[in-house]
Structures are given as structure tokens and as C-alpha cells.
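**Q**
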Amino acid sequence: MAKTVQSYELTEKLGQGGMGVVYKARHIHFNEVYAVKMLWQQFGSDPAVLKLFLNEAKLLRSLHHPNIVNVTDIFEAEGNYYIVMEFVEGRTLSEIIQREVGPIRRDRAIKLFRQMLEGMAYIHQQNPPIIHRDLKPLNILVTKDDTVKITDFGIAKVLDIGSAASTVMKGTPTYMSPEALIDPGSVDIRTDVYSLGMTFYEMLCAKTPFSGEKTTTPAAVYSEIIKNGIPLPTKFYPGISDELTAYVMNAIHPDREKRFSDALEMLEELKRIEASGGAEERTSKNEFAGDNIKTEEESKITNIDINSENISKSENNKPSKFFRNSIIVLSVITLIILLVQLGKDGKKAEVPVEEPESTGVALDTVLKQDAPVLPGMVFVQGGTFTMGCTSEQGDDCWYNEKPTHQVIVNNFYIGKYEVTVGMFSEFIEATGYKTDADKDGGSLIWTGSELKETAGVNWRCDVNGKRRPESENNHPVIHVSWNDAVSFCNWLSDREGLQRAYSGSGDNITCNFSSNGYRLPTEAEWEYAARGGKQTKNYKYSGSDNTGAVAWYDGNSGDKTHAVGLKQPNEIGIYDMSGNVYEWCWDWKGDYTSPRQTNPKGPSSGTSRVLRGGSWGYSARNCRVAVRYYIMPGNRDSSSGFRLARTR
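And the structure:
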């Protein structure tokens, strides 16, 4: 039953932490919705802390900015103190980063970060200035229309002054400046600059420089910074431009005297970088090849600065002082996760296909060709390969994998991972789209002995038709049709300001392969990438001759999907192309022919579309790189998902 305190009916518990609990609340007279934070009683037991807290709350109540969660009221009831704030419907930046399965798209990251800077610039210019002291992705709310709202202002500062209670809430070590880690009482606005820079770092490369059990305490993080320095964000994502790298490293410089002075200065510099084109992603060149890869030690930032001559910049752009003062040792560190798992064998089979000989190049290994770096995508250099039932497939080939034939494919990009539940949920939340499963009343699930049409099952569900917990947002989305995948591609293209690849409807959908928008790979592109492109080692499965090393299949899956990216990637850094879920391709079902083909796209019409790669519920034979499977484009089941592709 809902509880009422003062004029607020607490209708729903939104979450709680070490200092209190937050409720969704309704004003009983005005029928307006708010967020109400109740502080635990122990925080109000120290008169000095309480006085500072109340003074801070009054100050915060006077603040009004579109990128700040406004405080509207504060009161005491039944021995507890309550803060009333505007209610923001959306997600935290932390949730968005986790759902992206890779860096937030550069233009979106900059748009969001610019709003954070605008809000913080407003705060820093108050008289006296306000220091947030606990800036991190978890305290940044993002609405459905990508409006940023910064929350939890001033609380950490107040609780951090003048009593034993001050040790309760000092921030999260990863995002805290070195001075905040060792002497919290000495911090100034530049500690927020550091936290902003660290947040932007994570947005751009989907990773913080300090992670793992050894760097969870303030002492451990401080020791890591002093002893080893802070690695460049390009260590984790090489596509970040030189100027953005310099910008981030200036913000998180261990010496606060060498950081930006405040959020306003950060905002002005970011605008300058954007205007000069310095935020554009780096293109891959021969410098990514072996001899030029820096060691991990060389890719750290220390307290030593580098002359501006060592910094790559546009000829007509004079580098700012921040650019000159930052260390730029750009490198590519190829991160390959080798998580080899063995499995058993056996279960249901359908129409399959085999593997060709290949040649392709990907961005995650070594690039020898100019190509933009696209977040979450692997660049595949075009080439010629043998498609179909090649020799390494042995006696496992199916009839529809023959005859083998030579195929030429041009350069393209393909998703490093399968599209996840979290990614697909953003599409649904943004558009209200109804999938074919929603419209037609369900999907096929595996009962243990058969595929059974089950009402109420859709993209939110697991292989058994049960609604997935949020912890499975990093699993590949299933129960989606080919039609749903096409709609997702067009939405994502629109969101990123790209030209749509698809037009038309029903059976008359056409694909503009010259556009820069997202699309499904062709069957030939899929197989070429699965075989490793030009880096191919002619494996039977995508990345290995050992099924369990690269695939979740019926021999090791436990009859369920698994989070993307847990298995070993293939030669060019693509995960899960064998197993986990079947993946929709563009092509209509068609028979192979012998003549050499260039960029084949399948028949012009048909009744079934191609899926590739095998899945959690199929045998190892069905996870081979050459296997072909077909179902109608409106069908969906517990084994089928998709991965993205782009021409450019």
C-alpha cells in the first residue's frame, strides 16, 4: 500500500543506496509526479552535517537549468529528511554504455557530453561555485529524446565535511581525481573536470582505464595512476581522433594545474574541436601495422608532456593549449579474448550450409587500407574467396552448399557482435514498434523436443518464452523476424543521421547498397567475414576447428543463449558467427551456381530469407561457416537473431 508523507504519496521504489532510498511520488493535491529521496536517519544525527546539508539544499533549490535535475522541496517527517526532485523518465548513462556493447556512437557521445558540460558550467559559475564531487555515468540521466539531466548535486560535498559521517559518500574511485583520492578536503572545481573527463573516456571507448578487483579502492586507483599512469583511450578503441584523445587526457591529467580550469573551458574547447573537424574519427592507415604498434608502457600518460610537433593535426587548425599540453602516443592494441570452452554434441537439425576459402581484412587486427573506424563494427577488406562446401568442411556438407564457386566481395563493415536485447529495447522504446511476434501473437520456442508456437512470446523473452531479466540485456535478441531486423536497421540509420539502406514494404523491400546506412549482410558477405576475410586460416567454424572454442551450440549451451562476445573471436575479431543464434541475411533463398560472381545478392524474389551461423540449440554441424538455413521473412523463433552490416 502506498505511503504518504507530507503532501507526497510514495508510489514506487526506484532504488536505494548507502545514503538513502528514492521513490517515485505523486503530489496529492497537484497530481504531479516527482522523485523523492529519503535520507537514512543516521545522516541527520550530526547537527553540523545537517546544517550544511540544509544550507546546500536551499542553494540547490535556487538552481534552474535544463540539464540539471531540479530540487523543488525539502522537508522532515518522522525523523527522516526528504528531498523532492523533478522526476526524469529515462535511463542512466551507465545503463546506456552497458547496452551499447561497445563505444557510444561518437556524434551521440559528443551531443550527450556537451549537455553535461553545459549543466556543469552553470553550476561552476555560481557564487560561490558548487562542486558536484560524484560525477559518474550512474549520476547522469538520459531521457528518451537524449536530453541529459545531472543528478545528486552537492550531496557528496555536504556529507564530506566536518564529521565522522563525512567518510560515507566520497564518490566512486574510478571517477575521482588523484587529489580527491588522497586529500578530499583540498579539492576544487578541477576535481569535477577530472570526473567529467573520465566519464567521457568511458563513453568513447566503453571502458574505464581502471577496472578489476585490484583497482576498486581509492588507494589502489591512486597507486595505479602514480605508478603506471593513465592509458590513452585509443588503447581500447583506436578510432578516437587525435584531438579528442588530447582533450580527454587533458581533462584527466594527474596534475590538476594542467587540466581545464572548469566545465566552461571544457565546453569551449569541445566546440572548437567540433568546428575544426578534429572530432572526426581516425581513419585506418598503414601506421596500424605491426612495427608501429606501441607497447602498453608507451601508451600510458605520465606527468611528462610532449612537444606539439609530435601531435597530428590539420594543417589549417592551430592547436589549442590543451592540445599542445596533452600526451599523444597513439597506438592500436589488439585485444583478443581467448575464452576457450569445450562442449559435447547433439540435437535438432535443419537445412544447413558450408564454408568457403577466404581472404578478408578487419579493423580489429591490422589495417592496411584507409577506412573510417565505426563503433561496434569491424572493417572487412574485400577480396576473392571460394564459397560453399570447401575441403575443410569434410563430409558435413549439405546439398545446398554446392557447387562451390568463386565470389568477389567489395569492402564492407560488419557488426563485431550480434544485436543484443539491450540494443533492440532502445529501438522499441524510441519508436513503439510492434514486432511480428507482437502483431501475430507469439513466437516459436523450443520445448526440448519440438518447436512450438507460443502466445505472448516476443523479443523480451528467452528461449523458453520467459521474460528476460535485465542481466540478460547483453544476450543476442531472438524472436525477431527478418522484417523486424530491417526496421531496426532503418531506425538506427535515422538515429545516426545516415541514409537508409531499405525502402518499400512487405515482399517489395529493396536495399540501396551504396547508402551508408545500416543493413543486413548479404549471404556472401556473411560467409566471407565468418571465414576470416583475407586473414582466413580456413577453419571449419568461424575462428577455429574446435566448435566449443568459438560457438555456443547444443553441446555446451545448456539449452540457452549466452552473452555476446564470451567465446573466442575469429581471425578478424568478430564474435559468435558460429553458434549462439542464427543470423538473418539479406538474400532470398536460392541455389548456388558455378560461375564466378561479384557481390552476389541472391535472387530478386522468393518465399524464404537466408539465415547463417547455427545456434545454441543446433549441432556443431550446423555451426559451420558454410551452413545455410531458410525461413520466411515474417517467421521468428528462439534461435534466430541478426547482426548489422554497412557498405561504408
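Residue 4 is where the sequence shown starts when you use the working numbering, and the numbers rise one by one after that.
Virtual Cβ for every residue (Gly too), placed ideally from N, Cα, C.
1. Do you know how far the Cα of SER622 is from the Cα of SER547?
2. Counting only the same chain and skipping the five closest in sequence on each side, list residues whose C-beta sits under 6 Å from that of SER198.
3. What are the start and end residues of the alpha helix (DSSP H) that includes SER446?
4. With a cut-off of 8 Å, do at least 3 Cβ pairs link the segment 227-237 to the segment 142-155?
5. Can the beta-carbon of ARG646 be found closer than 8 Å to that of VAL422?
6. What would DSSP say about GLY349, mapped onto helix, strand or coil?
7. Our contact map puts GLY616 next to TYR585 with C-beta atoms below 8 Å; I'd like the distance itself, whole angstroms only.
8. Per DSSP, what kind of secondary structure is SER643 in: helix, strand or coil?
9. What are the boundary residues of the beta strand (DSSP E) that GLU271 is part of?
10. What are the boundary residues of the beta strand (DSSP E) that HIS482 is part of?
11. Please state whether the Cβ-Cβ distance between GLY620 and ASP557 is less than 8 Å.
12. With DSSP run on the structure shown, which of helix, strand or coil describes SER518?
13. Under the DSSP definition of a beta bridge, which residues are partnered with GLU456?
14. Look up ASN70 in the DSSP assignment and give the residues it is bridged to.
15. Is it true that the segment 468-481 meets the segment 405-415, where meeting means three or more beta-carbon pairs spaced less than 8 Å apart?
16. How should PHE427 be labelled, buried or exposed, when 16 other C-beta atoms within 10 angstroms of its C-beta is the threshold for buried?
17. Rank ASP148, PRO106 and SER10 by C-alpha distance to the C-alpha of ALA433 and give the top, closest one.
18. In terms of DSSP beta bridges, what is TRP555 paired with?
19. Do the CB positions of LEU501 and TRP589 come within less than 8 Å of each other?
20. Would the beta-carbon of THR146 fall within 8 Å of that of GLY93?
21. Tell me, to the nearest whole angstrom, how far the beta carbon of GLY2 is from that of ILE134; I am working on the premise that it is less than 8 Å.
22. Which residue or residues does DSSP assign as beta-bridge partners of TYR37?
23. Indicate whether ARG627 and GLN396 have their beta-carbon atoms separated by less than 8 Å.
24. Below 8 Å on the Cβ atoms is my contact criterion, and I expect TYR85 with LYS40 to pass it. Report the Cβ-Cβ distance as a whole number of Å.
25. Mind pulling the alpha helix (DSSP H) runs of 4 or more residues that sit fully within the segment 535-623?
26. Counting only the same chain and skipping the five closest in sequence on each side, list residues whose C-beta sits under 6 Å from that of LYS6.
27. Looking at the unbroken beta strand (DSSP E) that takes in THR387, where does it start and where does it end?
28. For THR95, list the residues DSSP reports as bridge partners.
29. Rounded to the nearest angstrom, what separates MET119 and LEU141 at their Cα positions?
30. Out of curiosity, what's the CA-to-CA distance linking ILE31 and GLN44?
31. Give me the Cα-Cα distance between ASN73 and PRO176, rounded to the nearest whole angstrom.
32. Rounded to the nearest angstrom, what separates ASN573 and ASN541 at their Cα positions?
33. Kindly indicate which three-state DSSP category PRO524 falls into: helix, strand or coil?
34. Excluding the 5 residues flanking ILE243 on each side, which residues of the same chain have their C-beta closer than 6 Å to its C-beta?
35. Hey, is the segment 123-131 in contact with the segment 263-272, meaning 3+ C-beta pairs nearer than 8 Å?
36. Give a yes or no on contact between the segment 594-608 and the segment 523-532, applying the rule of three or more CB pairs nearer than 8 Å.
**A** Walking through what the data contain:
1. Walking along the sequence shown from the start, residue 547 turns up at place 544. Walking along the sequence shown from the start, residue 622 turns up at place 619. About 16 Å.
2. Here residue 198 corresponds to residue number 195 of the sequence shown, with the count starting at 1. Excluding positions up to five away in sequence, the list reads LEU138 and TYR178.
3. To locate residue 446, count along the sequence shown from 1; it is residue 443. Not the alpha helix (DSSP H): SER446 falls in the beta strand (DSSP E), residues 445-449.
4. no
5. Residue numbering aside, residue 646 sits at position 643 when the sequence shown is read from its first letter. Residue numbering aside, residue 422 sits at position 419 when the sequence shown is read from its first letter. Against a cut-off of 8 Å, the Cβ pair of VAL422 and ARG646 comes out as a contact.
6. Taking the first residue of the sequence shown as 1, we reach residue 349 at position 346. Legend: pLDDT at GLY349 = 36, less than 50; position of this residue unreliable, no value from coordinates given.
7. The count along the sequence shown starts at 1 and reaches residue 616 at position 613. The count along the sequence shown starts at 1 and reaches residue 585 at position 582. Confirmed, Cβ separation roughly 6 Å.
8. The residue you call residue 643 lines up with position 640 of the sequence shown. Strand, per DSSP.
9. The count along the sequence shown starts at 1 and reaches residue 271 at position 268. Unbroken run through GLU271 is the alpha helix (DSSP H), 266-279; no beta strand (DSSP E).
10. For the purposes of this step, residue 482 is taken as the residue at position 479 of the sequence shown. Segment: none, HIS482 is in no beta strand (DSSP E) and carries neither H nor E.
11. Here residue 620 refers to the residue found at position 617 of the sequence shown. Here residue 557 refers to the residue found at position 554 of the sequence shown. Contact flag set, yes.
12. Taking the first residue of the sequence shown as position 1, residue 518 is located at position 515. The answer is coil: DSSP assigns SER518 none of H, G, I, E or B.
13. In the sequence shown, the residue the question calls residue 456 occupies position 453. GLU456 pairs with LEU447.
14. As a first step, residue 70 is located in the sequence shown; it is residue number 67 there, counting from the start. Answer is none; ASN70 lacks a bridge partner.
15. no
16. Start at 1 with the first residue of the sequence shown, and residue 427 comes out as number 424. Label assigned to PHE427: buried.
17. Taking the sequence shown and counting its residues from 1, one reaches residue 433 at position 430. Here the closest residue by C-alpha is ASP148.
18. As a first step, residue 555 must be located in the sequence shown, where it is residue number 552. DSSP lists no partner for TRP555.
19. Sequence index remark: in the sequence shown, residue 501 carries index 498 (1-based). Sequence index remark: in the sequence shown, residue 589 carries index 586 (1-based). Contact flag unset, no.
20. Position 143 of the sequence shown holds residue 146. Position 90 of the sequence shown holds residue 93. Yes, these two residues count as a Cβ contact at 8 Å.
21. With the chain covering 4 to 651 only, the question about residue 2 has no answer from this structure.
22. The count along the sequence shown starts at 1 and reaches residue 37 at position 34. In the DSSP output, where bridge partners are listed per residue, TYR37 has ALA28 and GLU89.
23. By 1-based counting over the sequence shown, the position of residue 627 is 624. By 1-based counting over the sequence shown, the position of residue 396 is 393. A contact, by the Cβ cut-off of 8 Å.
24. As a working mapping, residue 85 is identified with position 82 in the sequence shown. As a working mapping, residue 40 is identified with position 37 in the sequence shown. The pair is a contact, with the Cβ atoms about 7 Å apart (cut-off 8 Å).
25. 550-553
26. Mapped onto the sequence shown, residue 6 falls at position 3. Excluding residues within five positions, the ones whose Cβ falls inside 6 Å are LEU13.
27. Here residue 387 refers to the residue found at position 384 when the sequence shown is read from its first residue. Unbroken beta strand (DSSP E) run through THR387: 386-390.
28. Within the sequence shown, residue 95 is the residue found at index 92, counting from 1. DSSP, once it has assigned bridges, lists LEU144 as partnering THR95.
29. Mapped onto the sequence shown, residue 119 falls at position 116. Mapped onto the sequence shown, residue 141 falls at position 138. The straight-line gap from Cα to Cα measures roughly 13 Å.
30. Residue 31 sits at position 28 when you count from the first residue of the sequence shown. Residue 44 sits at position 41 when you count from the first residue of the sequence shown. Their backbone Cα atoms lie some 25 Å apart in a straight line.
31. Taking the first residue of the sequence shown as 1, we reach residue 73 at position 70. Taking the first residue of the sequence shown as 1, we reach residue 176 at position 173. Their Cα atoms are separated by approximately 26 Å.
32. Numbered from its first residue, the sequence shown carries residue 573 at position 570. Numbered from its first residue, the sequence shown carries residue 541 at position 538. About 11 Å.
33. Along the sequence shown, read from residue 1 onward, the residue named residue 524 stands at position 521. Three-state result, PRO524: coil.
34. Taking the sequence shown and counting its residues from 1, the one referred to as residue 243 is at position 240. Cβ within range, chain order: LEU207, PRO236 and THR237.
35. yes
36. yes
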